[in-house]
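Its first residue numbered 1, the sequence shown is counted upward by one per residue in the UniProt record's numbering.
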Amino acid sequence: MSVRGTPGTRRRRRVQAPWVTGAQWCCVGVPAAARGQPVLEFLCQRFEHIERQEWLRRFAQAQVRDVQGQPLQPAQPLAGGGHVYYQRAVDDELPVPFEVSVLHGDADLLVVDKPHFLTVAPAGRHVQQTVLQRLRQQLAQQAPAQAAALAPLHRLDKDTAGLLLLSVNPASRDAYHGLFRDQGIDKEYEAVARWDARFATAQPYCHRSRLEPGGARFFTMQEVPGEPNSQTLLHIVARAGDWALYRLRPLGGRKHQLRVHMAALGVPIRNDAFYPRIDDPPPGDFSRPLQLLARTLRFTDPISGQLRCFHSQQTLQWPPPDH
1 MSVRGTPGTR RRRRVQAPWV TGAQWCCVGV PAAARGQPVL EFLCQRFEHI ERQEWLRRFA
61 QAQVRDVQGQ PLQPAQPLAG GGHVYYQRAV DDELPVPFEV SVLHGDADLL VVDKPHFLTV
121 APAGRHVQQT VLQRLRQQLA QQAPAQAAAL APLHRLDKDT AGLLLLSVNP ASRDAYHGLF
181 RDQGIDKEYE AVARWDARFA TAQPYCHRSR LEPGGARFFT MQEVPGEPNS QTLLHIVARA
241 GDWALYRLRP LGGRKHQLRV HMAALGVPIR NDAFYPRIDD PPPGDFSRPL QLLARTLRFT
301 DPISGQLRCF HSQQTLQWPP PDH
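See the structure below:
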């Protein structure tokens, strides 16, 4: 699989222009020195790894536009200081054969049940096969304004299933972001991992550590010495032979927090491909879903003041087939 439209080490900005309802659009700034240059020539020079014919294809399909969303022509002269918007393209993007379920929708929020293996937002090799793209396509006809404004309020790993909150109203978005900034949301996860008597207690076990980027891959995290910046409460709620069903409550929201903490405690989550070691399945292999589920979200709505509680309708492989 190859990715076209990735400008090497140059920074690419995601945009949320009102006219964007399809796949992920990116924008590139036009320096003053490029004023008057044909759009096609500018793009070919800026993105040397993308063939000229590929840019011509995108022009023909209206995939190169100005800030108002108007399609640009290859020979059209540029205005210095502006931006050119273009759609990314991925050859042979593998389909993810699992659906996103919408659990709740109102004027401010969309609550969905994300399946395993589906990325939340376009990134890298994932453009069409993402939660955002699928939801935008669903909403484009009946609620185009919501489709354009759709934005996730928090992260959920591609490998993790369960509840995801998205904003559909820019005016109230910061109020909901504040819930996550101020730890105003009670998040509860379930995970399958090896049985360990340390965690079969009435009171949850508390693990605290400092998490920073690092490890085997550029996107992985690791525990390092220093003041803790993450905390997880965990305990066992069921046992099946050598396996246990854990209930996890992250306090804080560091990337891969639950996965790193469980591995550090000696009970890595079943089917984890990155912690404690890299064990990637081949592309298109959906036989080993990470046994981690965002089960429950509870919070007081910052707009209405109403207490809200959402539960995932998905299940983990419990008990495990080899228990």
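Heads up, the beta-carbon is just placed ideally off N, CA and C, and yes, glycines get one too.
**Report entry** Presumed contact (8 Å Cβ cut-off) between VAL100 and PRO122, rounded CB distance
**Finding:** Not really, about 15 Å apart at Cβ, beyond 8 Å.
Query raised in the report: Under 8 Å between the Cβ atoms of VAL102 and PHE117?
Result: no
Requested in this report: Measure the alpha-carbon distance for TYR275 versus VAL28 and round it to whole angstroms.
Outcome: 36 Å
Requested in this report: Would you mind reading off the limits of the alpha helix (DSSP H) that contains GLN138?
Outcome: 131-142
Report task. For the stretch 54-61 and the stretch 236-248, state whether three or more C-beta atom pairs, one from each stretch, are separated by less than 8 Å. Result -> no
Requested in this report: Could you round the C-beta distance between GLN231 and ARG259 to whole angstroms and report it? I think they count as a contact, below 8 Å.
Outcome: That pair is no contact at about 15 Å.
Requested in this report: Kindly list the residues whose CB is nearer than 6 Å to the CB of LEU251, restricted to its own chain and excluding five residues on each side of it in sequence; keep chain order.
Outcome: GLN231
Query - Segment contact, 8 Å Cβ cut-off, at least three pairs: the stretch 254-271 with the stretch 287-296 - result: yes
Query raised in the report: Since SER172 is in the alpha helix (DSSP H), which residue starts that stretch and which ends it?
Result: 170-181
Requested in this report: State buried or exposed for GLN257, treating a residue as buried only when at least 16 other CB atoms are found within 10 Å of its CB.
Outcome: buried
Requested in this report: Could you pull the start and end residues of the beta strand (DSSP E) that PHE59 belongs to?
Outcome: Per DSSP, PHE59 belongs to no beta strand (DSSP E); it is in the alpha helix (DSSP H), 52-60.
Report task. Run the CB neighbour count on ASP113, radius 10 Å, all protein chains shown included, and call it buried at 16 or more, exposed below. Result -> buried
Report task. Keeping to the same chain, check which residues put their C-beta closer than 6 Å to that of VAL15; ignore five residues upstream and five downstream. Result -> Since pLDDT at VAL15 reaches only 47, below the 50 mark, its modelled position is unreliable, and no value is offered.
Query raised in the report: How do the stretch 191-208 and the stretch 233-243 stand: do at least 3 beta-carbon pairs fall below 8 Å, yes or no?
Result: yes
Report task. Report the residue from VAL111, ARG35 and ARG173 whose alpha carbon sits nearest the alpha carbon of LEU164. Result -> VAL111
**Report entry** Where the beta strand (DSSP E) through VAL120 begins and ends
**Finding:** From DSSP, VAL120 is part of no beta strand (DSSP E); its letter is neither H nor E.
Query raised in the report: Just checking my contact of PRO228 with ARG254 at CB under 8 Å: how many whole Å lie between their CB atoms?
Result: With a Cβ gap of about 10 Å, PRO228 and ARG254 do not count as contacting.
Report task. Please classify HIS323: does DSSP put it in a helix, a strand, or coil? Result -> coil
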